[in-house]
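Note sheet for the following structure.
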Amino acid sequence: MLVDMVRCHEADPEGYRCVLVPQHEGPHKWGRCLATDAEGYRCILPPSHPGGHELAWFARPTDIGDTHTMRYAGRYERASDQARKDMDMLATHQWFPVSRDYVPSALGARLRPLAFLFAGKLVVVYEYRPRT
Ligand SMILES: [Zn+2]
Ligand SMILES: [Zn+2]
């Protein structure tokens, strides 16, 4: 993605991206694009980012008990690393994981000795549970 090449990769605890260039000196600077879609989803990217908006489904108020499914493709370690980062970030928005399944690809299952080479899919379901 183009944005990843020109911006620092760090995001604050709410998932908003640093607006500075990669490997910048000093502290990160958080900012956010002001765009929203028709339903009020906020964009989580920095102001005046290139490319399309990335809308923040998790930042929008929703009904208690609503669920959202996230899918991570790739080897288990990498997929679960990414999922763990998202879990921390989503927890600040009151979304918590209620189920977590790793499904190895069909190819990986057939060639069992080489299964670790093949991508599977980690599926995490989040539920909106605001503290009352
Ligand atoms: Zn930064
Ligand atoms: Zn945007």
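The opening position of the sequence shown corresponds to residue 290 in the working numbering, with each subsequent residue numbered one higher. Even for Gly, the Cβ is constructed at its ideal location relative to N, Cα and C.
Quick one: give me the first and last residue of the beta strand (DSSP E) that residue i is part of.
i: LEU411; result: 409-417
i: TYR391; result: 384-393
Quick check: residue i and residue j, are their CB atoms within less than 8 angstroms of each other?
i: HIS317; j: CYS332; result: no
i: CYS322; j: CYS307; result: no
i: TYR287; j: LEU411; result: No answer is possible for residue 287: it lies beyond the span of the chain, which begins at 290 and ends at 421.
i: PRO393; j: GLY409; result: yes
i: GLY354; j: TYR417; result: yes
Whole angstroms are fine: how far does the CA of residue j sit from the CA of residue i?
i: GLY397; j: ARG389; result: Model confidence at GLY397 stands at a pLDDT of 48, short of 50, so the residue's coordinates are unreliable and nothing is read from them.
i: VAL275; j: PRO311; result: The structure shown does not extend to residue 275, since the chain spans only 290 to 421, so no value can be given for it.
i: PHE423; j: GLU299; result: As shown, the chain starts at 290 and ends at 421. That puts residue 423 outside it, with no answer to give.
i: GLY340; j: TYR391; result: 31 angstroms
i: LEU334; j: ASP352; result: 25 angstroms
i: HIS338; j: ASP326; result: 16 angstroms
What residue range is occupied by the uninterrupted alpha helix (DSSP H) comprising residue i?
i: ARG367; result: 365-380
Tell me, to the nearest whole angstrom, how far the beta carbon of residue i is from that of residue j; I am working on the premise that it is less than 8 angstroms.
i: GLY304; j: MET378; result: 4 angstroms
Near ligand 1, which residues have their beta-carbon closer than 7 angstroms to a heavy atom?
Those residues having their beta-carbon less than 7 angstroms away from any non-hydrogen atom of ligand 1 are, in chain order, CYS297, GLU299, CYS307, LEU309, HIS313, HIS317 and LYS318.
Contact shell at 5 angstroms, judged by CB to any heavy atom of ligand 2, ordered along the chain:
By the rule of a C-beta closer than 5 angstroms to any heavy atom of ligand 2, the residues picked out are CYS322, ALA324, CYS332, LEU334 and HIS342.
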